[in-house]
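In the numbering used here, the protein residues as written are -10 to 56.
No residue lacks a Cβ here, since even glycine has one placed at the ideal position from N, Cα and C.
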(Lines of atoms letter the chains of each structure in order from A and count residues from 1; the text may use other names and numbers.)
(Lines give C-alpha, C1' and ligand atoms only; values in the text may rest on other atoms or scores of the structure.)
Protein backbone atom coordinates (compact mmCIF):
# COMPACT_ATOMS: atom_id res chain seq x y z
CA UNK A 1 0.00 0.00 0.00
CA UNK A 2 2.81 2.42 0.81
CA UNK A 3 4.35 1.80 -2.61
CA UNK A 4 1.11 2.80 -4.34
CA UNK A 5 0.87 5.88 -2.14
CA UNK A 6 4.47 6.76 -3.05
CA UNK A 7 3.52 6.56 -6.73
CA UNK A 8 0.82 9.16 -6.20
CA UNK A 9 -2.31 7.02 -6.07
CA UNK A 10 -5.15 8.27 -3.88
CA UNK A 11 -7.27 6.15 -1.54
CA UNK A 12 -10.01 5.32 -4.09
CA UNK A 13 -7.33 4.14 -6.54
CA UNK A 14 -5.48 2.14 -3.88
CA UNK A 15 -8.69 0.52 -2.64
CA UNK A 16 -9.57 -0.46 -6.21
CA UNK A 17 -6.11 -2.03 -6.69
CA UNK A 18 -6.56 -4.12 -3.54
CA UNK A 19 -10.29 -4.75 -4.01
CA UNK A 20 -11.14 -3.32 -0.59
CA UNK A 21 -13.33 -0.43 0.61
CA UNK A 22 -11.72 3.02 0.82
CA UNK A 23 -12.13 3.11 4.60
CA UNK A 24 -10.26 -0.19 4.90
CA UNK A 25 -7.40 1.23 2.82
CA UNK A 26 -7.25 4.21 5.17
CA UNK A 27 -7.21 1.86 8.17
CA UNK A 28 -4.30 -0.12 6.70
CA UNK A 29 -2.36 3.09 6.11
CA UNK A 30 -3.06 4.30 9.65
CA UNK A 31 -1.79 0.95 10.99
CA UNK A 32 1.37 1.20 8.86
CA UNK A 33 1.92 4.76 10.07
CA UNK A 34 1.61 3.69 13.70
CA UNK A 35 3.96 0.75 13.16
CA UNK A 36 6.58 2.99 11.56
CA UNK A 37 6.04 5.85 14.02
CA UNK A 38 5.12 8.16 11.16
CA UNK A 39 3.36 11.48 11.56
CA UNK A 40 1.90 11.57 8.03
CA UNK A 41 1.53 9.34 4.97
CA UNK A 42 4.53 11.06 3.37
CA UNK A 43 6.56 10.47 6.52
CA UNK A 44 5.52 6.79 6.45
CA UNK A 45 6.83 6.41 2.90
CA UNK A 46 10.07 8.18 3.84
CA UNK A 47 10.57 5.96 6.90
CA UNK A 48 9.79 2.82 4.88
CA UNK A 49 12.43 3.80 2.31
CA UNK A 50 14.96 4.58 5.05
CA UNK A 51 14.28 1.19 6.66
CA UNK A 52 14.63 -0.49 3.25
CA UNK A 53 11.07 -1.76 3.45
CA UNK A 54 10.49 0.04 0.15
CA UNK A 55 13.12 0.52 -2.55
CA UNK A 56 14.54 4.02 -2.89
CA UNK A 57 13.17 4.30 -6.43
CA UNK A 58 9.64 3.29 -5.41
CA UNK A 59 8.11 6.49 -6.79
CA UNK A 60 9.84 6.11 -10.16
CA UNK A 61 10.61 2.46 -10.77
CA UNK A 62 12.75 1.88 -13.83
CA UNK A 63 10.90 0.30 -16.67
CA UNK A 64 12.46 -2.91 -17.79
CA UNK A 65 13.29 -2.87 -21.45
CA UNK A 66 12.13 -5.88 -23.45
CA UNK A 67 14.85 -8.34 -24.37
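Residues in the same chain with beta-carbon distance under 7 Å from residue i, minus the five sequence neighbours each way, listed in chain order, please.
{"i": "residue 11", "result": "0, 1, 4"}
Taking just the CA atoms, how far does residue j sit from residue i?
{"i": "residue 26", "j": "residue 6", "result": "25 Å"}
{"i": "residue -4", "j": "residue 46", "result": "10 Å"}
{"i": "residue 23", "j": "residue -2", "result": "20 Å"}
{"i": "residue -9", "j": "residue 21", "result": "8 Å"}
{"i": "residue 31", "j": "residue 9", "result": "22 Å"}
Say whether chain B places a C-beta atom closer than 9 Å to the C-beta of residue i.
{"i": "residue -6", "result": "Going by chain labels, chain B is absent from the structure shown, which holds only one protein chain."}
Given that a residue counts as buried once 16 or more other Cβ atoms are within 10 Å of its Cβ, and exposed if not, what is residue i?
{"i": "residue 40", "result": "exposed"}
{"i": "residue 28", "result": "exposed"}
Have a look at the options and flag the residue whose alpha-carbon is nearest the alpha-carbon of residue i.
{"i": "residue 15", "options": "32, 37, -6", "result": "-6"}
Between residue i and the ligand ATP, is there a pair consisting of the residue's CB and a ligand heavy atom that are separated by less than 8 Å?
{"i": "residue 2", "result": "Annotation note on the ligand ATP: not contained in the displayed structure, which lists no ligands."}
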